[in-house]
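Down below is the structure, laid out as structure tokens.
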Amino acid sequence: MGRTYLFLSGKGGTGKTTLSTSLGIALARKGKRTVLVDADIGLRCADLLLGMENDILYDLSDVAEMRCTLPQALVHCREAQGFSVLSAPQMMKPSELDKLRLAAIIEELKLDYDYVLIDCPAGLGRGLRNFWSTAEEAIVVTTPDDASVRAAERLSQLLFEKKNIHPRMILNRADRLLVRVGEEQRPSVISGRTDMQLLGVVPDSPDVYRALLKHKTALLSDSISVRHAIARIADRIEGIERRFPRYCRSQSQF
Ligand SMILES: Nc1ncnc2c1ncn2[C@@H]1O[C@H](COP(=O)(O)OP(=O)(O)OP(=O)(O)O)[C@@H](O)[C@H]1O
Ligand SMILES: [Mg+2]
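For the record, in the sequence shown the residue sitting at position 142 is 187 according to my numbering, with numbers rising by one throughout.
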């Protein structure tokens, strides 16, 4: 039976789609059957980052409303064997989908896949509530700025209050030089402030955006440090202990 991971953020544009698509490839390349569910109803873009936009025939709403079977809607990713994607509908609102049907689809996916990664829309709205009952784990993706961190903290509190879920955090777009000169908070400090365990720290790199322009996700970008950071996160999801780079740790951990 597979495990479901929600990728969430309080503020938009923090890197949920970049990291969930990348981790889908990374976990599949480790031999784990992985499926990514694009839950950003109305604003899907995981297919674009994976260069699959011309392969999508059916989406989540077609499965929910029984216009096709689940296997018919799954698209297999060329970048990694064992990695499939279930796309979001583009012409619907999150409230138009039936939560119970969505939960049944996720349960069905868990029978066939080791990891079900759900790329959620930003915020605390219906897009999140459509899926939060299905999750074993939640990963809050945040950037190091105060607005994003505060929204992440709020989201974490809400998940605990409503669903008794303790999310872990990926800090994305961290800049080690800004941390060294004291302009950006140390990842360990942000983790302490939000009361979320750090699952990973991904550096900021122009190569990630360059890859996006070519319809490629961060794991396929030219940035070695980004690729290594994502590989370390995939290991930690698998329960393998990986040390954090020095600038991510608290002073007492040196
Ligand atoms: N580590 C990184 N370094 C540089 N740019 C990044 C990094 N991660 C993501 N980005 C860029 O940030 C932008 C937003 O990324 P992405 O679409 O993954 O965010 P999101 O959280 O899914 O957004 P939304 O809330 O709209 O769904 C993209 O232009 C992406 O290329
Ligand atoms: Mg997104």
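All residues carry an ideal CB built from backbone N, CA and C; glycine is no exception.
Secondary structure of PRO248 (DSSP, three-state): strand. Ranked by Cα distance from GLY55, the first of GLU228, LEU258, SER250, VAL186 is VAL186. Distance check between MET111 and each of ASP143, CYS90, ALA274 places ASP143 closest, using alpha-carbon atoms only. The C-beta distance from SER140 to ARG171 rounds to 5 angstroms, short enough to fall under 8 angstroms. Around the beta carbon of ASP164, 16 or more other beta carbons sit within 10 angstroms, so the residue counts as buried. Secondary structure of GLU206 (DSSP, three-state): helix.
In chain order, LEU244, GLY245, ARG287 place their CB closer than 7 angstroms to the CB of ARG281, counting only its own chain and leaving out the 5 sequence neighbours on each side. For LEU115, the CB stays at least 8 angstroms from every heavy atom of ligand 1.
Here the alpha carbons of ILE101 and LEU264 stand approximately 22 angstroms from one another. Between the region 118-126 and the region 55-70, the count of C-beta pairs closer than 8 angstroms reaches three or more; the two stretches touch. The closest heavy atom of ligand 2 lies 8 angstroms or more from the beta carbon of LYS261. Short note on PRO166: C-beta closer than 8 angstroms to some heavy atom of ligand 2. Per DSSP, THR114 is not a residue of any alpha helix (DSSP H), being assigned neither H nor E. Around the beta carbon of TYR254, a 10 Å sphere encloses fewer than 16 other beta carbons of the protein chains shown; the residue is thus reported as exposed.
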